[in-house]
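K.L.:
As they're listed, the protein sequences go chains A and B. Numbering-wise (our numbering), the first sequence opens with residue 59 and increments by one. Numbering-wise (our numbering), the second sequence opens with residue 10 and increments by one. The beta carbon of each residue, even a glycine, is placed where N, CA and C say it ideally should be. If you scroll down you'll find the structure; I have some questions about it.
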Amino acid sequence: DAGVIQSPRHEVTEMGQEVTLRCKPISGHNSLFWYRQTMMRGLELLIYFNNNVPIDDSGMPEDRFSAKMPNASFSTLKIQPSEPRDSAVYFCASSWGTGAEAFFGQGTRLTVV
Amino acid sequence: AQSVTQPDIHITVSEGASLELRCNYSYGATPYLFWYVQSPGQGLQLLLKYFSGDTLVQGIKGFEAEFKRSQSSFNLRKPSVHWSDAAEYFCAVGAGNQGGKLIFGQGTELSVKP
């Protein structure tokens, strides 16, 4: 298996622009997680899906952030409009079943200038 | 509130020396506990996990960790460190019964001296 695939690996955008991050989970996994990593706040969970349904989005920082999972093999995290403080590494992870460990993608490094 | 504390931000050890990275957690029920490793520019790789049973768990790359309920700790150990172990290490607790819904510690950066 190729693991969790995220794209792009790096994204540089200007403040105010829309940014879309993409994730393909491991085939057969039924839970998907979006995390953000910053120096100040460390790794924090933004949102997670179970069977394509958003279960907990309490970590989404603002309404500028939205996430979708239209099918079991694809998810997006969108920031509109982007701001410099959104600069971070965004990780997607997937898992299967209750209590199973999550497998992480390589991350997308977002820089908003 | 659920939390994970890694008291050591940065540790330096000599190659071949033993290693122990500390992790303390706060969680109301029996926790799922994990250690992940992150190399520069890379994602997180699972080293080992504890769900239940034997409190000493073995992981990949020669790592092990011991769950001590009385101390709310889950320290990571390795008897002999290799230069390739230099990385950042994260302890995490799984919230609820969802193993991917993780609360992470702030991480410990490990440097290895030749």
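Please tell me whether Leu101 of chain A and Phe60 of chain B are closer than 8 Å, where the distance is taken between their beta carbons.
P.N.:
no
K.L.:
Per DSSP, which one or two residues make a beta bridge with Thr39 of chain B?
P.N.:
Thr39 of chain B is not bridged to any residue.
K.L.:
Can you tell me whether Ser140 of chain A is buried or exposed, with buried defined as 16 or more other CB within 10 angstroms of its CB?
P.N.:
buried
K.L.:
Have a look at Glu97 of chain B and Ala146 of chain A and give me their C-alpha separation to the nearest angstrom.
P.N.:
Computed Cα separation, rounded: 17 Å.
K.L.:
Here's a check: name, in chain order, each residue in its chain whose Cβ is nearer than 7 Å to the Cβ of Val13 of chain B, leaving out the five neighbours to either side.
P.N.:
Cys32, Tyr34, Cys100, Ala101, Val102, Ile112, Phe113, Gly114
K.L.:
Which partner residues of His68 of chain A appear in the DSSP bridge assignment?
P.N.:
Paired residues: A:Arg167.
K.L.:
So what does DSSP say about Lys70 of chain B, is it helix, strand or coil?
P.N.:
Lys70 of chain B: helix per DSSP, three-state reduction.
K.L.:
Just to confirm before moving on: does the CB-CB distance between Val121 of chain B and Val46 of chain B stay below 8 Å?
P.N.:
no
K.L.:
Give the C-beta separation of Phe161 of chain A and Val62 of chain A to the nearest angstrom, bearing in mind that I take them to be a contact with Cβ-Cβ under 8 Å.
P.N.:
6 Å
K.L.:
How long is the line joining the alpha carbons of Ser82 of chain B and Phe76 of chain B, rounded to whole angstroms?
P.N.:
6 Å
K.L.:
For the candidate residues A:Thr169, A:Ala158, A:Thr134, whose alpha-carbon lies nearest to that of Gln64 of chain A?
P.N.:
A:Thr134
K.L.:
Are the beta-carbon atoms belonging to Phe91 of chain A and Gly116 of chain B less than 8 Å from one another?
P.N.:
no
K.L.:
So Lys110 of chain B is in the beta strand (DSSP E); what residue range does that whole segment cover?
P.N.:
Here Lys110 of chain B belongs to no beta strand (DSSP E), and DSSP marks it neither H nor E.
K.L.:
Do the CB positions of Ser27 of chain B and Pro123 of chain B come within less than 8 Å of each other?
P.N.:
no
K.L.:
Round the Cβ separation of Leu30 of chain B and Ile20 of chain B to the nearest angstrom and send it over; I've been treating them as touching at under 8 Å.
P.N.:
7 Å
K.L.:
What did DSSP end up calling Gln15 of chain B once you bin it into helix, strand or coil?
P.N.:
DSSP places Gln15 of chain B in coil when its eight states are reduced to three.
K.L.:
Gln164 of chain A touches chain B at which residues, Cβ-Cβ below 9 Å?
P.N.:
Gly50, Gln51, Gly52
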